[in-house]
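Encoded as structure tokens, the structure appears first; notes follow it.
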Amino acid sequence: MSSEPLLSRAFADDRLELAAAGSWTAVHANELEALVDGIARDAARSRSAAIDMRRVHEFDTFGAWLLERLVRESKALGQDMQIVGLPARFQGLLDEVHRTGGEGPPPPAAPNPLLRALEALGRGVAETGRELVPFINMLGALCIALIRVIVHPRAFRLTSAVHHVDRVGWQAVPIILLITFLIGCIIAQQGFFHFRKFGADVYVVDMVGILVLRELGVLIVAIMVAGRSGSSYTAELGSMKMREEIDALRTMGFDPVEVLVLPRVVALVIALPLLTFLGSMAALYGGGLVAWLYGGMSPEIFIDRLKEAISVTHFRVGMIKAPFMALVIGIIACSEGFRVLGSAESLGVQTTTSVVKSIFLVIVLDGVFAIFFASIDM
Amino acid sequence: MVIRVRDLVVGFGDHIVLDHLSVDVRRGEILGFVGGSGGGKSVLLRTIIGLLPKRHGSIEVLGTNMDRASDEERRAIERRWGILFQQGALFSSLTALQNVQFPMREYLKLSERLLKEVAIAKLRMVGLTPNDGDKYPSELSGGMTKRVALARALALDPEIVFLDEPTSGLDPIAAGDFDALIRTLQQTLGLTVFMVTHDLESLQTVCDRIAALADGKVVAAGSLATMLASEHEWVKAYFRGKRASRLASRLAHSD
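Sequence order for the protein chains is A and B.
Just so we're aligned: 69 in our numbering is position 77 of the first sequence, and the numbers increase by one with no gaps anywhere.
Just so we're aligned: 469 in our numbering is position 158 of the second sequence, and the numbers increase by one with no gaps anywhere.
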């Protein structure tokens, strides 16, 4: 049925006579374009031209456009190309393409690549400064919503908050326990491996205890939560924004921050300290297990040594940091969610930004706390 | 016969949506498919194009049995149909023009120039300007989204076009324009159109034949007059209900 398109030419005096045949369809558009372009180059030599379409048995938009292009190009050269014998059933399509076909607007001139790189750099720097704005906006909006909720406690979405505690807290317990347990094991193993050279085995307990309770427990858990729950917050709010659900809430007189953000952030602030506690315990357990099986230190000695090495202060330092980290993760996740635009791509971009930014800020915050606790001797 | 569906059964869990349904679509016609909301019209469309699995029955498209077709044959058939999804289903990360070019780029080896020229011609055919081509789907209105989606469905000059509620969400004027557009394109491009719709206006103005779906079966098929004469409960309610009575009286006047 479908056959190669053909276009043969003959010169009669200074008249170019073309004969077309075969399938002028999308499948053959590539060969056809080459044929048509070849003709267009030769056509300059003749004064008038005609194309015989009698033997074309398949014809679609692609073929019609190429024929139209041939006619237009010959017109531009000052000759009048006549179309002869086009089957009547194809005439409508050719007319349609004559009406609709065309080059369209020229593409915008490509700017100098060096200038473009400089421009991108400049924009990037200016953009970085503005990155903080949505965070502060969201913090402010959250404070206002919080005050409103304190004044009218019934406005708080308790059900929603409980639901989110279940999702970001309870359901995260197994994976958090597993990961912190493994981290505890690894630290203890590394400690024994290296400290043994100095005969300082007992200090492994100090290291594991202090490191886990002060820094690692809360940090690992916060990073896990940022990746697990922060990203889902961003994606949820982002797709709600895309589907105009947030606009709908606003027009009904609800504050999206109060309805959507506050329960989510409150849930994180409740869940993260609990997860940190569980995580720290799992890490200590892992450390103890490795001390027993790999370091040859009996559990009794490990616990006795742990009692001496750590104090409530260390535990407190870790736990104090947890709600602040939750706040940072929650605010970043929600404000990035609200920045999603219409496309699926922007949802992806904002989710990535949300996770990268919250992990970065969690680590920065940890550093700030380290300085703070050092200066108040905790 | 372009599409031949026989004894089709489709269900989800215990719920049978299509119960031994048979329907034919003839070459060069516009078939309007009506049915209650949730009655399985879209399910039928999605089953024919292979997005949903069927439990029983056969589907033949362009003379090829879709069950027995090899992957290659399937792909060849898929190139010969175009689908307009209800929400447009435009790729949100591509501009309107790139959306139209997408199937051409994947299936045909074309020069950039031809790609652009034909895509622009398609955009103009559906009543858009080349400037609209640079817009992203999120910047398009509902009517424009449908038009771009139609242009994309027509990108490869298909023989069959499936339209899933093409006029839903459009105002009556835009819907009327869209119907006229479908009619014109069907005639110029020689298309066979399978159209799922709720719109009585569309049924009257553009459809050559109508098939009515109720209780998982085609309960009536034929011209609008056949529909009006049908004694089936649902068809009666649909075509002779309050909303339809105006249409019926107008039809009587025009006769």
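The beta-carbon is built from N, C-alpha and C at its ideal position, and this holds for glycine as well.
These numbers come from a predicted model, not from an experiment.
Close Cβ partners of residue i (< 6 Å) along its chain, the five nearest in sequence each way excluded
i, result
"residue 372 (chain B)", "314 and 388"
"residue 9 (chain A)", "2 and 42"
"residue 91 (chain A)", "none"
"residue 62 (chain A)", "28"
"residue 353 (chain A)", "320"
"residue 307 (chain A)", "205"
"residue 93 (chain A)", "57 and 60"
"residue 263 (chain A)", "157, 160 and 161"
"residue 254 (chain A)", "137"
"residue 472 (chain B)", "393, 464, 502 and 504"
"residue 344 (chain B)", "352, 507 and 522"
Contacts that residue i makes with chain B (C-beta to C-beta distance below 7 Å)
i, result
"residue 89 (chain A)", "432"
"residue 92 (chain A)", "432, 435 and 436"
Closer than 7 Å at the beta carbon, the chain A residues around residue i
i, result
"residue 389 (chain B)", "Chain A residues near residue 389 (chain B): none, gap ~14 Å exceeds 7 Å."
"residue 498 (chain B)", "84"
"residue 403 (chain B)", "334, 335, 336 and 337"
Under 8 Å by beta carbon: chain A residues contacting residue i
i, result
"residue 420 (chain B)", "22"
"residue 468 (chain B)", "17, 18, 52, 53 and 54"
Where residue i meets chain B, residues with beta-carbon distance less than 9 Å
i, result
"residue 276 (chain A)", "Going along chain B, no residue has its Cβ under 9 Å from residue 276 (chain A), so there is no contact; the nearest lies around 47 Å."
"residue 57 (chain A)", "425, 428, 429 and 432"
Closest by C-alpha distance to residue i, when choosing among the options
i, options, result
"residue 337 (chain B)", "B:551, B:543, B:452 and B:503", "B:503"
"residue 182 (chain A)", "A:250, A:228 and A:283", "A:283"
"residue 343 (chain A)", "A:222, A:164 and A:0", "A:222"
"residue 510 (chain B)", "B:415, B:550 and B:463", "B:550"
"residue 57 (chain A)", "A:38, A:71, A:87 and A:77", "A:87"
"residue 21 (chain A)", "A:31, A:51 and A:148", "A:51"
"residue 31 (chain A)", "A:354, A:147 and A:65", "A:65"
"residue 493 (chain B)", "B:436, B:441, B:540 and B:334", "B:436"
"residue 266 (chain A)", "A:178, A:370, A:360 and A:163", "A:163"
"residue 155 (chain A)", "A:259, A:25 and A:272", "A:259"
"residue 60 (chain A)", "A:107, A:84 and A:47", "A:84"
"residue 166 (chain A)", "A:236, A:217 and A:200", "A:217"
"residue 445 (chain B)", "B:432, B:407, B:412 and B:347", "B:407"
"residue 179 (chain A)", "A:169, A:203 and A:194", "A:203"
"residue 469 (chain B)", "B:487, B:391 and B:426", "B:391"
"residue 126 (chain A)", "A:327, A:355, A:146 and A:366", "A:327"
"residue 331 (chain A)", "A:261, A:250, A:294 and A:232", "A:232"
"residue 144 (chain A)", "A:245, A:250 and A:301", "A:250"
"residue 372 (chain A)", "A:-1, A:244, A:198 and A:123", "Because chain A here runs from -7 to 370, residue 372 (chain A) falls outside it and cannot be looked at."
Contacting residues, own chain, Cβ-Cβ under 8 Å from residue i (five flanking each side not counted)
i, result
"residue 330 (chain B)", "320, 526, 527 and 528"
"residue 7 (chain A)", "38, 39, 40, 41 and 42"
"residue 429 (chain B)", "415 and 421"
"residue 82 (chain A)", "45, 48, 51 and 56"
Own chain residues within Cβ distance below 7 Å of residue i, not counting five before or after
i, result
"residue -5 (chain A)", "14 and 15"
"residue 18 (chain A)", "52 and 54"
"residue 212 (chain A)", "171, 172, 175 and 271"
"residue 458 (chain B)", "437, 438 and 439"
"residue 209 (chain A)", "172, 268, 271, 272, 275 and 310"
"residue 433 (chain B)", "411, 462, 465 and 466"
"residue 426 (chain B)", "412, 415 and 416"
Name, going along the chain, the residues of the stretch 316 to 339 of chain A whose beta-carbon falls closer than 7 Å to a beta-carbon of chain B. If you check each beta-carbon in the stretch 316 to 339 of chain A against every beta-carbon of chain B, the ones closer than 7 Å belong to 333, 334, 335, 336 and 337.
Quick one, which residues of the stretch 13 to 25 of chain A are near chain B if we go by CB-CB under 8 Å, in chain order? 17, 18, 19, 21, 22 and 25
How do the stretch 270 to 279 of chain A and the stretch 330 to 347 of chain A stand: do at least 3 beta-carbon pairs fall below 8 Å, yes or no? With a cut-off of 8 Å on Cβ pairs, the stretch 270 to 279 of chain A is not in contact with the stretch 330 to 347 of chain A, counting fewer than three such pairs.
Give the residues from the stretch 41 to 52 of chain A that approach chain B closer than 9 Å (Cβ to any Cβ), ordered along the chain. 52
Looking at chain B, which residues of the stretch 195 to 212 of chain A have a Cβ within less than 9 Å of any of its Cβ atoms? Those residues of the stretch 195 to 212 of chain A that come within reach of chain B (Cβ to Cβ, closer than 9 Å) do not exist; the list is empty.
Name, going along the chain, the residues of the stretch 445 to 458 of chain B whose beta-carbon falls closer than 8 Å to a beta-carbon of chain A. 447, 448, 449 and 450: these are the residues of the stretch 445 to 458 of chain B whose beta carbon lies less than 8 Å from some beta carbon of chain A, given in chain order.
If contact is defined by three or more beta carbon pairs under 8 Å, each pair taking one atom from either stretch, is the stretch 532 to 539 of chain B in contact with the stretch 493 to 507 of chain B? Under the Cβ criterion (8 Å, minimum of three pairs), the stretch 493 to 507 of chain B does not count as touching the stretch 532 to 539 of chain B.
Three or more C-beta pairs under 8 Å: does that hold for the stretch 359 to 373 of chain B against the stretch 535 to 544 of chain B? In this structure the stretch 359 to 373 of chain B does not lie against the stretch 535 to 544 of chain B, because fewer than three pairs of beta carbons, one per stretch, are closer than 8 Å.
Does the structure place the stretch 413 to 423 of chain B close enough to the stretch 472 to 492 of chain B that three or more beta carbon pairs sit under 8 Å? no
Determine contact between the stretch 179 to 194 of chain A and the stretch 220 to 240 of chain A, defined as no fewer than three beta-carbon pairs at a distance below 8 Å. no
Taking 8 Å as the threshold, find out whether the stretch 353 to 368 of chain A comes into contact with the stretch 463 to 476 of chain B through three or more Cβ pairs. no
For the structure I just gave you, are there three or more beta carbon pairs, one from the stretch 448 to 458 of chain B and one from the stretch 384 to 400 of chain B, closer than 8 Å? yes
For the 8 Å Cβ check, are there 3 or more pairs between the stretch 131 to 151 of chain A and the stretch 232 to 239 of chain A? no
Touch test, the stretch 66 to 73 of chain A against the stretch 100 to 109 of chain A, Cβ-Cβ under 8 Å, three pairs minimum: Taking 8 Å as the limit for Cβ pairs, the verdict is that the stretch 100 to 109 of chain A does not touch the stretch 66 to 73 of chain A.
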